[in-house]
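So in the working numbering, the last one in the sequence shown is 528, and the numbering has no gaps at all.
Reviewing the structure listed below.
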Amino acid sequence: MRDTINMGLARLGVYLTCTVYAIYSVIAVMILFLVSFGYSSLENPYGLRPKYALPMPVFFVVALLFVVLLTYALLKYSCKGGNSYCYVLPLLSVAVLVFQNAVIRYTPYVANWDPDTIFNYAVAAVSGGDLGAFQSYFDMFPNNYGLAVLMQFLVRVSFVLKLDPAMFTASVGALGVNLGCLILALGIGSAIGKACIVYASWIIATILGSLSFWIGTPYTDTFLFPFVATVVLLYLIYRNSAAPITYIVLVVMVFSAFVGSLFKPTVLVLVVALVIDCILRYARREGVLKDILCIFLSILVSAALIYGVASPLLKKHLHVNPNPEMAFSYQHYLMMGANPQSYGAFNLNDVKISAGIPDKTDRQAEDLDVALRRLQAMNADSAIHFYAVKLVTTYGDGTFGIGHEGKGFPEVPSERNLPNLLKKLYYMENNTPSVFGSLQQLLWMILLLCAALLLPRKNTDDYAVFLRLSLIGLTCFLMLFETRARYLYSFLPIFVVIFAVSLDRIVLQVNAVLVKRGIVLSGGMGDE
């Protein structure tokens, strides 16, 4: 009887794992197809996407050629062995950090939205200024308490060090992104062991992450980035370690995600992915019951520490006293996510709807009612079009929406040639990204392409199930609530690791086919 149950669970585990493969493949292929061939037709009237000089199908073709050429190069030249990246990448990261600070200094950015509000609050709080203007903001947006307190601390440090507070806070965020890209690449090296893929992953992560225009804006996006990178890195370590290290890694991984949730709750999608991944592994009889118990215990302890202890302490350190009755809850973001005018992007009218209802219970009920009415008003065709536009708005921009939230200063300091060079690199003209922005879009298309090509292993013990679950969860979350391209910036580490794993498996699969036909291009890629 027990053996029968075990066999049934094993079959169920394999079936559910295959279901995850199928759902992921549908989502990844749909994203790639809509971005590649529907970018211009699936227009968002709020203009949250730039107009690239090249048609998106051209980006797709170039991305495909790049993957083919890179696969050929990896097959032709053996990339196994060698850990030079352990020494080279830290040195390159230091050079990137210097360039990041030049970007922050010479490409000033007007963030006439949340980052500017929180930064000005922090300066006023530390310098004893008037805080009355910030009361209503923190009444409505309790999700930014953590960032506000962190910003207070960084501004105070900048005053002590006699540094410009705006540049200092942005530099700290940029440093976090820089370190996130570095540890991510090193983690890929430990998991895959091919130097070429490690370097390619770091270069893509650096161009899209460390050198993004967003590093000049001290906000949740840059501060959350290293936490997401840490969670993904720890998962790679977890799947390649043994007890008791396994349990330590799981505890730190879960705790890191909960700390990151103080900046954005979306990061908890990774915890859900971890739980489902381990349950599927247990169902497949892979003996991870202790891992599951460790994860659930870590979730309970982390939630108690972060939401029961840290969150109230952060609120006490605010120099304003937010009114909890005015706080926007998930119903507000659900309502905004279903807005047919902005296709789920930020909508000021929705803010006015929520802010105009002083009673918390009434506001939540009204927000939920508006969201449900909007969804019920859609027929099949309008729903498909709505979510297609929303998907392209979210996944269609490799610059992650630069120039569409806040606005770059029309002029930058011109006493040197460097600022003008940076202006050409980062600033858009007539809503058309620069050459650097087009490069970012090309690299982003490569990531989307490799995500769609992520092949399952014959062995069901596939650590990429976690990556698939993460992308599924992230997509569902953003399709359900408010969304925009910038929200993917913090989760770039997931896409970079998917790129590395996918490319590695493509090379292995192609090599296996060539070997069967008696064709050997490399010094030996090894077996999966």
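Heads up, the beta-carbon is just placed ideally off N, CA and C, and yes, glycines get one too.
Close Cβ partners of residue i (< 7 Å) along its chain, the five nearest in sequence each way excluded
i      : result
Pro115 : Thr217, Pro218, Tyr219
Ser354 : Phe328, His332, Arg363, Asp367
Phe386 : Pro340, Tyr343, Met378
Closest residue to residue i among the options (Cα-Cα distance)
i      : options                        : result
Gly398 : Phe491, Glu366, Ala383, Ser382 : Phe491
Ile207 : Val68, Tyr15, Asn178, Pro226   : Asn178
Asn144 : Pro265, Leu70, Leu372          : Pro265
Val172 : Leu97, Ile237, Ser241, Ala195  : Leu97
Ala371 : His385, Ala185, Gly337         : Gly337
Phe346 : Ala388, Asn323, Gly401         : Gly401
Pro142 : Phe436, Asn321, Arg11, Ile446  : Asn321
Leu532 : Leu297, Gln509, Ala148         : Examination of residue 532 is not possible in this model, given that the chain is present from 1 through 528 alone.
Trp444 : Phe466, Tyr395, Leu236         : Tyr395
Gly449 : Leu503, His317, Ser93          : Here residue 449 is Leu; the residue named in the question, Gly, does not match the sequence. For the residues Leu503, His317, Ser93, the minimum Cα distance to Leu449 belongs to Leu503.
Lys51  : Leu184, Ala257, Gly437         : Gly437
Ala170 : Ala191, Leu211, Cys196, Tyr137 : Leu211
Asp369 : Tyr330, Leu348, Lys194         : Tyr330
Ile23  : Val231, Phe499, Arg468, Ile188 : Arg468
Leu289 : Tyr85, Tyr247, Val497, Gly209  : Tyr247
Phe495 : Cys181, Lys352, Ala257         : Cys181
Leu274 : Ile245, Val231, Ala242         : Val231
Ala174 : Phe153, Val94, Leu42, Val249   : Val94
Pro493 : Ala383, Ser201, Asp291         : Ser201
Gly260 : Ser382, Tyr121, Thr222         : Thr222
Sequence-distant residues of its chain with Cβ nearer than 6 Å to residue i (five each side left out)
i      : result
Phe255 : Ser302
Val515 : none
Arg505 : Leu455
Pro410 : Residue confidence is low: Pro410 scores 49 on pLDDT, short of 50, so the model does not pin down where it sits. No coordinate-derived value is stated.
Thr117 : Tyr137
Tyr235 : Phe466
Val251 : Ser298
Rounded separation between residue i and residue j - CA only
i      : j      : result
Leu131 : Phe168 : 22 Å
Lys424 : Tyr199 : 26 Å
Asn511 : Arg517 : 10 Å
Gly524 : Val501 : Its pLDDT being 46, under 50, Gly524 is placed unreliably by the model, and nothing is read from it.
Gln376 : Ser25  : 28 Å
Ala229 : Val267 : 11 Å
Tyr343 : Lys390 : 6 Å
Lys76  : Val507 : 10 Å
Leu54  : Ile31  : 19 Å
Asn44  : Thr393 : 7 Å
Val157 : Leu163 : 8 Å
Val465 : Leu488 : 20 Å
Thr460 : Tyr21  : Because Thr460 sits at a pLDDT of 49, beneath the cut-off of 50, its placement in the model cannot be relied upon, and the point is left open.
Pro90  : Leu447 : 23 Å
Val272 : Phe477 : 12 Å
Gly189 : Asp139 : 45 Å
Asn240 : Ala191 : 7 Å
Ile203 : Phe227 : 20 Å
Val269 : Ile519 : 43 Å
Gly129 : His317 : 16 Å
Ala388 : Leu64  : 23 Å
Leu92  : Leu150 : 28 Å
Tyr463 : Gly13  : 14 Å
Leu314 : Gly146 : 6 Å
Extent of the continuous alpha helix (DSSP H) run through residue i
i      : result
Pro165 : 165-192
Phe466 : 464-480
Ala451 : 435-452
Gln135 : 135-140
Gly337 : 330-337
Ser311 : 311-317
Met326 : Run containing Met326: none; DSSP gives neither H nor E here.
Ser201 : 195-205
Lys352 : 348-355
Asp362 : 360-376
Phe225 : 220-238
Leu65  : 56-76
Tyr87  : 85-106
Arg281 : 268-283
Cβ separation of residue i and residue j, assumed to be a contact under 8 Å, to the nearest whole Å
i      : j      : result
Asp359 : Glu325 : 7 Å
His319 : Ala451 : Between Ala451 and His319 the Cβ distance is about 43 Å, and since that is not below 8 Å, they are no contact.
Ile104 : Ile215 : 6 Å
Leu571 : Leu262 : There is simply no residue 571 to check, as the chain begins at 1 and stops at 528 in what is shown.
Val556 : Leu442 : With the chain covering only 1 through 528, there is no way to say anything about residue 556.
Gly176 : Phe99  : The pair is not a contact, with the Cβ atoms about 16 Å apart (cut-off 8 Å).
Contacts around residue i, its chain only, beta-carbon distance under 8 Å, and the 5 residues preceding and following it disregarded
i      : result
Leu16  : Leu280, Ala283
Leu161 : Phe168
Leu480 : Leu334, Gly337
Thr71  : Leu503, Ile506, Val507, Val510
Asn83  : Gly189, Ala195
Minimum Cβ-Cβ distance from residue i to chain E less than 8 Å
i      : result
Ala303 : In the displayed structure, chain E is absent; only one protein chain is listed.
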